[in-house]
Structures are given as structure tokens and as C-alpha cells.
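Trainee:
Encoded structure:
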């Protein structure tokens, strides 16, 4: 007598193994924090460079320099071309983080200190989350937005405190930089989900280079005096750190952990910048700065918990 077939699949076949599930959470936060650590010296280094060079040359020149290793890396790894649906995100990322944010933030460094600029730039997580909700399909819960606004208010309060209660002339450029940077971060992270973080920034640099290499060459030929070694060091950091390697970790973190959630890590950038300014420029970190840093960390934890509840 033939045995009856088992109508139910076994549990080992029906249930996927836990090791096959994609890892998110703290992996994304760790990669993003590494990127932020690299980005934290961008504004101080920009301020060093614009002391001797034209701001537009500093802003666009680093992208031209970074495009060389980016193109070489894509060629050595035989990376595929971006798909049609990825190309629009790469173009927007290039407009935001390769061209827009560097120009606006570097122009701001002509009139405001780097510490002030770093704090105003702390509004980037809110801009990144907003563009992520518009273009990437992320829908954080309402409680997440309350935490994000709380973090933005903390950063704004710190900026006004440092500025004596009044905004400065460079704040307009910093707000423009914040909007463009948020768009570039969100769109680049969206593409990084399928293309990979380092390939996304490499393609953004390579595709931007033909449009900016001629203006950079024209401005460089008109520099009256060769830059000092300090300025060359600043340009090297901006080119290979801020414009290249930092995005490897940053885009990977945003793509793995969620753009809106992990983007809150950038609220720490102003305070890392201020703390790093001590050994570089002899500045002292006030106790109030550390208090603001602790408050921002609490906001990041609250935003992560709110977004995690929606995911669950």
C-alpha cells in the first residue's frame, strides 16, 4: 500500500535560516559613523584652502582630482555601467555632493568660522530624511520626525549661541549647502542599494568630470602664487578624504541601515568638528559643547528606536 504524501512542507524548508536575512541596524550606523568622522574636517580644511585660493577652485578642483582614482577603480574592477533607473539618482547625487554642497559650503567659509558652519550643517540629517521620504520610498513614523526636529532645534540653538544670538552672512550659503547635500545623500544612498556605495560615488565623480575639468583648469592657470604646503595638504584631504573615501562608508551605511534613520548620525558631525579643531587650531572645547553632544546622542537613539518600532 503506497504511503500518503505529506501535504505540509517540513519546517526546515518553509522557514528561512536566520543567516540568510540581511543584516542592517548597527552595521549601517557603524559605516555611517566612519564616513562622518572623515567628513568632520571638511569645513576646517576648506577654510584653510580658501585663505589662498578661489572658493570655486577649491570646491570643484577636489572633484576633478578625486575623479582620477574613481575612474581607475571602476576600470580595474570592471564595474558595470549604471542602469537607466540608477542614472537619475547618480546625476542628482553629483549635483548635490560633487558640485552643489562643495560650492555653497566653500563660499560660506569666506565669512563664517568652520565651527559655526559645522553646526549649521548639522541640519543635514533632517534634509536627508526629507529627500529620502520624497524620492526613496521611505516612510518614517511621525515620532521619528519629532525626534529629527528636536535634533535640528538643538543644532540651531547651538549655532545661535555660538553666533551671539544673530545669524551671520554665510548662513544663507550654509542653508543652500544643507538642502543640496541632503538631496545628494538621499539619492546617492538610494542608488547604492543596487549599485553599491563606492560605485555610486565613483560614477558620480566620473560623470561630473567632463563638465567641470575645463573651468578648473582655467581657474588653476590664473593662480598668481603657488599654494603653501598647508594648503596642498588641505586640498589633498578634501579630494581623497571628503570627496572620495568618506562616501564609501557613508553611502554604504545609509543603504544598509535606512536613509532617514542612519542619517541622524550626521548630527554628531558638528561636535566632532569642534573637538577636532582643538589639536589642529588650538581651540578649547567648552563644557556646553559636550552637553549639546550628549543631547544629540540621545536624540539619535530616540529616532532609531522610533524607526525600529515601525520596522517591527
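In UniProt numbering, the protein residues as written are 1 to 312. The beta-carbon is built from N, C-alpha and C at its ideal position, and this holds for glycine as well. Since this is a predicted model, take the numbers as computed values, not measurements.
Please name the residue, chosen from 41, 182, 296, that lies closest to residue 152 on a Cα-to-Cα basis.
Mentor: Residue mapping note: residue 152 aligns to position 152 of the chain shown, counting from 1. Of the listed residues, the one whose Cα sits closest to residue 152 is 296.
Trainee: Does the stretch 25-43 come into contact with the stretch 211-219, if we say contact requires no fewer than three beta-carbon pairs (one atom in each stretch) closer than 8 angstroms?
Mentor: In short, these stretches do not touch, since the Cβ pair count stays below three.
Trainee: Which of helix, strand or coil does DSSP assign to residue 313?
Mentor: Shown here, the chain extends from 1 to 312; a query on residue 313 therefore has no answer.
Trainee: By the three-class DSSP mapping on this structure, what secondary structure does residue 109 have?
Mentor: On the chain shown, residue 109 is found 109 positions in, with the first residue counted as 1. Coil, per DSSP.
Trainee: How many angstroms separate the CA atom of residue 127 from the CA atom of residue 77?
Mentor: As a first step, residue 127 is located in the chain shown; it is residue number 127 there, counting from the start. As a first step, residue 77 is located in the chain shown; it is residue number 77 there, counting from the start. Spanning the two alpha carbons is a distance of roughly 33 angstroms.
Trainee: Does DSSP put residue 171 in a helix, in a strand, or in coil?
Mentor: Here residue 171 corresponds to residue number 171 of the chain shown, with the count starting at 1. Of the three classes helix, strand and coil, the one that applies to residue 171 here is helix, per DSSP.
Trainee: Given residue 220, which residues of its chain have a CB within under 8 angstroms of its CB, disregarding the five upstream and five downstream residues?
Mentor: Within the chain shown, the letter at position 220 stands for residue 220. Answer for residue 220: 57, 61, listed in chain order.
Trainee: Would you mind reading off the limits of the alpha helix (DSSP H) that contains residue 229?
Mentor: Numbered from 1 along the chain shown, position 229 holds the residue referred to as residue 229. It spans 229-236 - the alpha helix (DSSP H) in which residue 229 sits, taken as one unbroken run.
Trainee: Roughly how many whole angstroms lie between the Cα atoms of residue 400 and residue 119?
Mentor: Residue 400 lies beyond the stretch modelled for the chain, which goes from 1 to 312, so this question has no answer here.
Trainee: Taking the CB atoms as reference points, tell me whether residue 90 and residue 191 lie closer together than 7 angstroms.
Mentor: Sequence index remark: in the chain shown, residue 90 carries index 90 (1-based). Sequence index remark: in the chain shown, residue 191 carries index 191 (1-based). Cβ atoms of residue 90 and residue 191: closer than 7 angstroms.
Trainee: For residue 44, is the classification buried or exposed, using 16 other Cβ atoms within 10 angstroms of its Cβ as the cut-off for buried?
Mentor: Start at 1 with the first residue of the chain shown, and residue 44 comes out as number 44. It is buried - the Cβ of residue 44 has at least 16 other Cβ atoms within 10 Å.
Trainee: Taking the alpha-carbon of residue 72 as reference, which of 230, 244, 51 has the nearest alpha-carbon?
Mentor: As a first step, residue 72 is located in the chain shown; it is residue number 72 there, counting from the start. Nearest of 230, 244, 51 to residue 72, Cα basis: 244.
Trainee: Please state the DSSP three-state secondary structure of residue 222.
Mentor: Counting from 1 along the chain shown, the entry for residue 222 is found at position 222. Coil at residue 222, not helix or strand.
Trainee: How is residue 80 classed by DSSP in three states: helix, strand or coil?
Mentor: Indexing the chain shown from 1 puts residue 80 at position 80. Three-state result, residue 80: coil.
Trainee: What is the residue span of the alpha helix (DSSP H) that residue 114 lies within?
Mentor: Here residue 114 is taken as the residue at index 114 of the chain shown, counted from 1. Start and end: 114-120.
Trainee: Please report how far the alpha carbon of residue 145 lies from the alpha carbon of residue 269, in whole angstroms.
Mentor: One-based indexing of the chain shown puts residue 145 at position 145. One-based indexing of the chain shown puts residue 269 at position 269. Cα to Cα, residue 145 sits roughly 20 angstroms from residue 269.
Trainee: Would you kindly check if the distance between the Cβ of residue 250 and the Cβ of residue 180 is under 7 angstroms?
Mentor: The count along the chain shown starts at 1 and reaches residue 180 at position 180. The count along the chain shown starts at 1 and reaches residue 250 at position 250. Cβ distance not < 7 angstroms, so residue 180 and residue 250 don't count as in contact.
Trainee: Do you know whose CA, among 96, 40, 124, lies nearest residue 63's CA?
Mentor: One-based indexing of the chain shown puts residue 63 at position 63. That would be 96, whose Cα lies nearest to the Cα of residue 63.
Trainee: Give me, in chain order, the residues of the same chain whose beta-carbon lies closer than 7 angstroms to that of residue 276; leave out the 5 immediate sequence neighbours on both sides.
Mentor: As a working mapping, residue 276 is identified with position 276 in the chain shown. Cβ within range, chain order: 40, 41.
Trainee: Taking the straight line between their C-alpha atoms, what separation do you get for residue 99 and residue 198?
Mentor: Here residue 99 refers to the residue found at position 99 of the chain shown. Here residue 198 refers to the residue found at position 198 of the chain shown. Computed Cα separation, rounded: 18 angstroms.
Trainee: Taking the alpha-carbon positions, what's the residue 305 to residue 246 distance?
Mentor: Locating residue 305 in the chain shown gives position 305, counting from the first residue. Locating residue 246 in the chain shown gives position 246, counting from the first residue. So the alpha carbons of these two residues sit roughly 26 angstroms apart.
Trainee: Between residue 235 and residue 279, what straight-line distance do the alpha-carbon atoms span, to the nearest angstrom?
Mentor: The residue you call residue 235 lines up with position 235 of the chain shown. The residue you call residue 279 lines up with position 279 of the chain shown. Using only the alpha carbons, I get a separation of about 19 angstroms.
Trainee: Quick check: the Cα distance between residue 155 and residue 123, rounded to an integer number of angstroms?
Mentor: The residue given as residue 155 occupies position 155 in the chain shown. The residue given as residue 123 occupies position 123 in the chain shown. Cα-Cα distance, rounded: 7 angstroms.
Trainee: Can you tell me whether residue 242 is helix, strand or coil according to DSSP?
Mentor: The residue you call residue 242 lines up with position 242 of the chain shown. Here residue 242 sits in helix by DSSP.
Trainee: Nearest-angstrom Cα distance between residue 36 and residue 257?
Mentor: Here the question's residue 36 lines up with position 36 in the chain shown. Here the question's residue 257 lines up with position 257 in the chain shown. Each residue's Cα considered, the two are about 15 angstroms apart.
Trainee: For my contact list, residue 230 and residue 48 are in at a C-beta cut-off of 8 angstroms; report their separation, rounded to the angstrom.
Mentor: Stepping through the chain shown from its first residue, residue 230 is reached at position 230. Stepping through the chain shown from its first residue, residue 48 is reached at position 48. Their Cβ separation, rounded to whole angstroms, is 6 angstroms, which keeps residue 230 and residue 48 in contact under 8 angstroms.
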